[in-house]
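If you count by this note's numbering, then the sequence shown holds residues 157 to 447, one letter each, in order.
Using N, Cα and C, we set each Cβ at its ideal position, and we do this for glycine too.
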Amino acid sequence: MKMKFLAAALLSTFALATCAGAAPLTILIVNDDGCESPGSVSLQEKLAAKGFDVWMVAPATNQSGIGSAITFRPGGVFEVKKTADKRYCFPGTPADAVDFGLRGILKNSPPDLVISGVNDGPNTGMAQINSGTVSAAARAVRYGFPAIAASIGYLFTEQEMKNKWPSTRRYWPDSVDYVVGLVETLSAGREPGKPLLPKGSGLSINYPPLAKADIKGVRYVENEMFPTPQIDYELTADGKALQRLNPAALAAPGGDTDSGLLSQGYITWTLFDGAWNAPQFQAQYEARLKQ
């Protein structure tokens with residue numbers, strides 16, 4: 157593992173040398189944790205320190221778990237707050253932040269890359285489906301922009317839960333550095349006129365809350381097809397609905413799923429395309445519905 161991080165450092169040096177004569181990448185950072193999230197603020201600062209042109213647009217408040225929701229209000233006026241150079245708080249959802257970034261702030265100078273995160277908590281299993289972080293990246297991909305969603309996981313132990321995930325806080329900076337290294341690698345290998353990632357695709361990264369020496373490597377894995385639901389409901393005596401966390405969703409995951417591999421100490425990479433299509437089932441539909 158030490159050799160891999162040494163290789164990453166060498167790639168970083170090579171990236172700066174290769175791009176010395178080229179315009180720096182323009183990057184838009186978004187998230188669902190809010191515009192003061194350490195994961196995104198730190199990422200912007202570290203990428204800017206490397207010489208990249210980095211902009212950040214994030215929801216004014218925490219919007220975790222809101223998925224792909226948008227604020228549809230043509231003619232509406234939004235109170236946008238600029239909190240630092242190239243950093244904006246937008247009063248809406250992660251998807252709204254993507255739209256404001258791409259169709260507002262950077263409308264006339266579109267970014268080379270959109271990064272959503274680094275998110276506080278994993279986006280694997282059902283969490284990826286509910287995630288504002290991943291949904292924001294998928295929205296950018298749907299618009300034709302290369303996008304990365306990045307998250308750091310939790311250790312599902314009683315002690316970690318009671319103490320508000322201290323390992324996640326401890327290793328959050330490492331996850332940010334990991335994303336910075338990937339951006340440098342992409343920058344070093346970019347070709348004029350070509351997108352940084354295959355057009356129409358995106359990458360969801362989940363980084364374990366572990367010391368670098370304990371990380372086992374990178375695994376490409378699909379998001380679990382039939383994940384465990386995160387919530388349960390109970391109908392109360394007065395006819396109301398009480399929402400609860402599904403206890404099964406809080407159990408330490410296992411197996412070779414994205415959640416399981418992350419819990420085993422792997423950095424997981426899940427590729428997505430942002431397209432709500434499933435043409436592989438067309439023949440079955442034609443046979444069953446005679447259409």
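Checklist entry - Thinking C-beta only, is VAL297 closer than 7 Å to GLY358? => result Taking C-beta atoms as the reference points, GLY358 and VAL297 count as a pair closer than 7 Å.
Checklist entry - Out of curiosity, what's the CA-to-CA distance linking ALA165 and ASN402? => result The predicted position of ALA165 is uncertain, since its pLDDT is 43 and thus under 50; a value taken from the coordinates is nonetheless stated next. Inter-residue distance for ALA165 and ASN402 is about 42 Å (C-alpha atoms, whole angstroms).
Checklist entry - Where DSSP assigns a beta bridge to TRP425, which residues make up the other side? => result ILE361 and TYR376.
Next on the checklist: Classify ASP241: buried if its beta carbon has 16 or more other beta carbons within 10 angstroms, exposed otherwise.
Outcome noted: Exposed: under 16 other Cβ atoms inside 10 Å.
Next on the checklist: Please tell me whether VAL336 and LEU203 are closer than 7 Å, where the distance is taken between their beta carbons.
Outcome noted: In this structure, VAL336 sits near LEU203, with a CB-CB distance shorter than 7 Å.
Checklist entry - Looking only at its own chain, which residues have a Cβ that is under 8 Å from the Cβ of ILE285, when we skip the five neighbours before and after it? => result Excluding sequence neighbours, ILE285 sits near GLY223, ASN379 and PRO383.
Next on the checklist: For ALA179, tell me which candidate among PRO247, GLU314, LEU366 and GLY349 has the shortest Cα-Cα distance.
Outcome noted: The shortest Cα separation from ALA179 among PRO247, GLU314, LEU366 and GLY349 belongs to GLY349.
Checklist entry - Excluding five sequence neighbours on each side, which residues of the same chain lie with their C-beta closer than 7 Å to the C-beta of TYR334? => result Hits under 7 Å: TYR363.
Checklist entry - For the alpha helix (DSSP H) that PRO115 lies in, which residues bound it at each end? => result The structure shown does not extend to residue 115, since the chain is modelled only from 157 through 447, so no value can be given for it.
Item to check | Three-state secondary structure (DSSP) of GLU235 | outcome: For GLU235, the three-state secondary structure derived from DSSP is coil.
Checklist entry - Per DSSP, which one or two residues make a beta bridge with TYR327? => result Paired residue(s): none; TYR327 is not in a bridge.
Next on the checklist: I need the straight-line Cα distance from VAL270 to GLU201, nearest angstrom please.
Outcome noted: When rounded, the distance between both Cα atoms is 15 Å.
Checklist entry - With DSSP run on the structure shown, which of helix, strand or coil describes ASP412? => result Three-state result, ASP412: coil.
Item to check | Pairwise C-alpha distance: PRO194 and ASP188 | outcome: If you take the alpha carbons of ASP188 and PRO194, they lie about 12 Å apart.
Checklist entry - Quick one, which of TYR244, TYR299, MET212 and THR227 has its alpha-carbon nearest ALA431's? => result Answer by Cα proximity: TYR299.
Item to check | Closest by C-alpha distance to LYS238, when choosing among ASN279, CYS191, GLY281 and LEU406 | outcome: For LYS238, the closest of ASN279, CYS191, GLY281 and LEU406 by C-alpha to C-alpha distance is CYS191.
Checklist entry - Going by Cα to Cα distance, which pick from SER307, LYS446, VAL290 and LEU262 is closest to TRP211? => result Here the closest residue by C-alpha is LEU262.
Next on the checklist: Quick check on the burial criterion: 16 or more other C-beta atoms within 10 angstroms. Buried or exposed for ASN433?
Outcome noted: Per the 10 Å Cβ criterion, exposed.
Next on the checklist: Restricting to Cα atoms, I'd like to know which of ALA344, THR392 and LEU199 is closest to VAL332.
Outcome noted: Taking only the C-alpha atoms, the option nearest VAL332 is LEU199.
Item to check | Which of helix, strand or coil DSSP assigns to TYR389 | outcome: The answer is strand: DSSP assigns TYR389 an E or B state.
Item to check | For ARG243, the nearest candidate out of PRO266, ASP209 and PRO230 (CA to CA) | outcome: When PRO266, ASP209 and PRO230 are compared, the shortest CA-CA separation from ARG243 is found for ASP209.
Checklist entry - Closest by CA to THR424, which one among ALA305, ALA294 and VAL233? => result Taking each of ALA305, ALA294 and VAL233 in turn and checking the Cα distance to THR424, the smallest one comes out for ALA305.
Item to check | Under the three-state DSSP convention, the category LEU417 falls into | outcome: Three-state result, LEU417: helix.
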